[in-house]
Amino acid sequence: NENFVGHQVLRISAANEAQVQKVKELEDLEHLQLDFWRDPVRPGIPIDVRVPFTSIQSVKVFLESHGINYEIMIEDIQTLLDEEQKQMSAFQAR
Amino acid sequence: ALSTKTFNYATYHTLDEIYEFMDLLVTENPQLVSKIQIGNTFEGRPIYVLKFSTGGTNRPAIWIDTGIHSREWVTQASGVWFAKKITEDYGQDAAFTAILDNMDIFLEIVTNPDGFAYTHKTNRMWRKTRSRTQGSLCVGVDPNRNWDAGFGLAGASSNPCSDTYHGKFANSEVEVKSIVDFVTNHGNIKAFISIHSYSQLLLYPYGYTSEPAPDKEELDQLAKSAVTALTSLYGTKYKYGSIIDTIYQASGSTVDWTYSQGIKYSFTFELRDTGLRGFLLPASQIIPTAEETWLALLTIMDHTFKHPY
Numbered sequence: 343n344e345n346f347v348g349h350q351v352l353r354i355s356a357a358n359e360a361q362v363q364k365v366k367e368l369e370d371l372e373h374l375q376l377d378f379w380r381d382p383v384r385p386g387i388p389i390d391v392r393v394p395f396t397s398i399q400s401v402k403v404f405l406e407s408h409g410i411n412y413e414i415m416i417e418d419i420q421t422l423l424d425e426e427q428k429q430m431s432a433f434q435a436r
Numbered sequence: 003a004l005s006t007k008t009f010n011y012a013t014y015h016t017l018d019e020i021y022e023f024m025d026l027l028v029t030e031n032p033q034l035v036s037k038i039q040i041g042n043t044f045e046g047r048p049i050y051v052l053k054f055s056t057g058g059t060n061r062p063a064i065w066i067d068t069g070i071h072s073r074e075w076v077t078q079a080s081g082v083w084f085a086k087k088i089t090e091d092y093g094q095d096a097a098f099t100a101i102l103d104n105m106d107i108f109l110e111i112v113t114n115p116d117g118f119a120y121t122h123k124t125n126r127m128w129r130k131t132r133s134r135t136q137g138s139l140c141v142g143v144d145p146n147r148n149w150d151a152g153f154g155l156a157g158a159s160s161n162p163c164s165d166t167y168h169g170k171f172a173n174s175e176v177e178v179k180s181i182v183d184f185v186t187n188h189g190n191i192k193a194f195i196s197i198h199s200y201s202q203l204l205l206y207p208y209g210y211t212s213e214p215a216p217d218k219e220e221l222d223q224l225a226k227s228a229v230t231a232l233t234s235l236y237g238t239k240y241k242y243g244s245i246i247d248t249i250y251q252a253s254g255s256t257v258d259w260t261y262s263q264g265i266k267y268s269f270t271f272e273l274r275d276t277g278l279r280g281f282l283l284p285a286s287q288i289i290p291t292a293e294e295t296w297l298a299l300l301t302i303m304d305h306t307f308k309h310p311y
């Protein structure tokens, strides 16, 4: 199973169209391997993006340097996946 | 599970467990439920649709599918719950019984079996099919960009490594082509509802163009009624509107194609995540999600039944 230790999901709040476009620029940087759970659409609609551990620092620096607000929606994906697996195994065991 | 009564609807299940559930449901309700295989996936897995029918031949029908994007686990889990709900409510709930006495329901619970198996086995975040693209190391096509409606226009990617890769040509994905052939051969489907997650939206055509759909007024009114019914249960807030107005331009999408085939009541749901879990919605929210969504589905099915066309 693919490992998502350290992957975070950021919820980005783009305040205006320019910031939406800035986030879209991130989308095109394939080396960051970003996984947009909710795409950049328009100001006011949350943008959710899964960021691999190796890209987190650069993504956060990018957002902060452009004054784009974000919060950490999921601290560590793997923790939730482990929880999900545990719940399923508990049921199957029962 | 020994029966659909002891089946646990409040946990996520593997592909095999869902396929076993389908067989149990058919065995327990032979007069009402049958299982149709509409094709095989790229990796050779059977693609099953449950048919709920009380008789007649080629009756007007309602199509519901879940799980076209494999990581959206709450949708397949809701599809399992819908299947059981249909067998429980027929003969009990007057409004629903009237619908099923006159229309058939087709329910495809796992619309992307290869992708779903892959989320259990290898990558829980997988969204696309598992087909191979010649000349690329990347795998899979977004099955919700592969339909022959605005195919390849803006709102999908031509990059095989993208999560919204539209594929080499429309219906290139056998998981899509199987539905296209089924719907075309059936010829009497009156409502088509494709269920995704997340972000609480009820969407209708178009996604590939900002042109309003000819039936926009009626679709908007019906979406409003359906969302009102959904929200009445647990207060889950939904937005509704056309795909392009409500979220973004998306070309080659399922409901744009079904609408272009004359299926007026074509809708896409984006089910809850009311919290901050995204695709990793806790299993404890499966049943509440299914229950509230069912109220919206009933609204759409009832309207379809009462407004034959």
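Chains as they are written, first to last, in the numbering used here: chain W, 343 to 436; chain Y, 3 to 311. By construction, the Cβ of each residue, glycine as well, lies at the ideal position given by its N, Cα and C atoms. A quick note: this is a predicted structure, and the numbers were derived from the prediction, not measured.
Are residue i and residue j touching if we call contact CB-CB under 8 Å?
i: Pro45(Y); j: Thr113(Y); result: The amino acid occupying residue 45(Y) in the given sequence is Glu; Pro does not appear at that position. The answer is no: Cβ separation not under 8 Å.
i: Ile191(Y); j: Trp65(Y); result: yes
i: Ile40(Y); j: Val82(Y); result: no
i: Leu423(W); j: Ile416(W); result: no
i: Ala63(Y); j: Ile107(Y); result: yes
i: Leu139(Y); j: Val51(Y); result: no
i: Thr276(Y); j: Thr230(Y); result: no
i: Val401(W); j: Leu374(W); result: yes
i: Phe153(Y); j: Ser227(Y); result: no
i: Ile116(Y); j: Thr43(Y); result: Reading the sequence as shown, one finds Asp at residue 116(Y) and not Ile. Yes; because the gap between Cβ atoms is below 8 Å, this pair is in contact.
i: Asp377(W); j: Asp165(Y); result: yes
i: Ile289(Y); j: Tyr92(Y); result: no
Taking residue i as the reference, which of the options has the closest Cα?
i: Thr396(W); options: His349(W), Asn343(W) and Arg384(W); result: His349(W)
i: Asn411(W); options: Ile389(W), Phe378(W) and Gln420(W); result: Ile389(W)
i: Ile197(Y); options: Pro145(Y), Phe184(Y), Pro214(Y) and Gly169(Y); result: Pro145(Y)
i: Lys123(Y); options: Asp304(Y), Leu17(Y), Ser234(Y) and Ala298(Y); result: Leu17(Y)
i: Ser234(Y); options: Thr131(Y), Thr291(Y) and Ser55(Y); result: Thr291(Y)
i: Ile245(Y); options: Leu232(Y), Gln202(Y), Gly277(Y) and Ala285(Y); result: Gln202(Y)
i: Arg73(Y); options: Phe118(Y), Thr8(Y) and Tyr242(Y); result: Phe118(Y)
i: Phe307(Y); options: Glu22(Y), Tyr240(Y), Thr248(Y) and Ile101(Y); result: Ile101(Y)
i: Thr59(Y); options: Pro214(Y), Asp217(Y), Phe84(Y) and His188(Y); result: His188(Y)
i: Leu255(Y); options: Arg279(Y), Pro207(Y), Lys218(Y) and Tyr240(Y); result: Note on identity: in this sequence residue 255(Y) is Ser, with Leu being the wrong assignment. The residue with the shortest Cα to Cα distance from Ser255(Y) is Pro207(Y).
i: Lys241(Y); options: Val143(Y), Thr77(Y), Phe84(Y) and Leu204(Y); result: Leu204(Y)
i: Val257(Y); options: Tyr210(Y), His168(Y) and Leu232(Y); result: Tyr210(Y)
i: Asp418(W); options: Val393(W), Gln429(W) and Glu372(W); result: Val393(W)
For residue i, report the span of its beta strand (DSSP E) as first-last.
i: Lys366(W); result: Unbroken run through Lys366(W) is the alpha helix (DSSP H), Glu359 to Glu369; no beta strand (DSSP E).
i: Trp65(Y); result: Ala63 to Thr68
i: Glu74(Y); result: Taken as a continuous stretch (DSSP letters only), Glu74(Y) belongs to no beta strand (DSSP E), as it is neither H nor E.
i: Gln399(W); result: Looking at the DSSP string, Gln399(W) is not in any beta strand (DSSP E); the run it does join, the alpha helix (DSSP H), is Phe395 to Ser407.
i: Glu294(Y); result: Segment Ile288 to Lys308 is the alpha helix (DSSP H) holding Glu294(Y); no beta strand (DSSP E) there.
i: Asp106(Y); result: Asp106 to Glu110
i: Val312(Y); result: There is simply no residue 312(Y) to check, as chain Y begins at 3 and stops at 311 in what is shown.
What first and last residue would you give for the alpha helix (DSSP H) that runs through residue i?
i: Met430(W); result: Ile419 to Ala435
i: Val35(Y); result: Element bounds for Val35(Y): not the alpha helix (DSSP H) but the beta strand (DSSP E), Val35 to Asn42.
i: Ile181(Y); result: Val176 to His188
i: Asp95(Y); result: Note, Asp95(Y): premise wrong, no alpha helix (DSSP H); not H, not E.
What is the rounded straight-line gap between the Cα of residue i and the Cα of residue j?
i: Thr89(Y); j: Phe433(W); result: 24 Å
i: Asp25(Y); j: Ile398(W); result: 45 Å
i: Ala79(Y); j: Lys37(Y); result: 18 Å
i: Ala435(W); j: Glu344(W); result: 23 Å
i: Arg384(W); j: Gly409(W); result: 17 Å
i: Thr186(Y); j: Tyr261(Y); result: 12 Å
i: Thr270(Y); j: Ile49(Y); result: 21 Å
i: Gln33(Y); j: Met303(Y); result: 21 Å
i: Gly142(Y); j: Trp75(Y); result: 18 Å
i: Ile70(Y); j: Arg132(Y); result: 12 Å
For residue i, write down the residues that DSSP places opposite it in a beta bridge.
i: Asn462(W); result: Lying outside 343 to 436, the shown extent of chain W, residue 462(W) is not represented and no answer is given.
i: Phe118(Y); result: DSSP output for Phe118(Y) lists no bridge partner at all.
i: Ala193(Y); result: Ile64(Y) and Tyr267(Y)
i: Arg380(W); result: Asp390(W)
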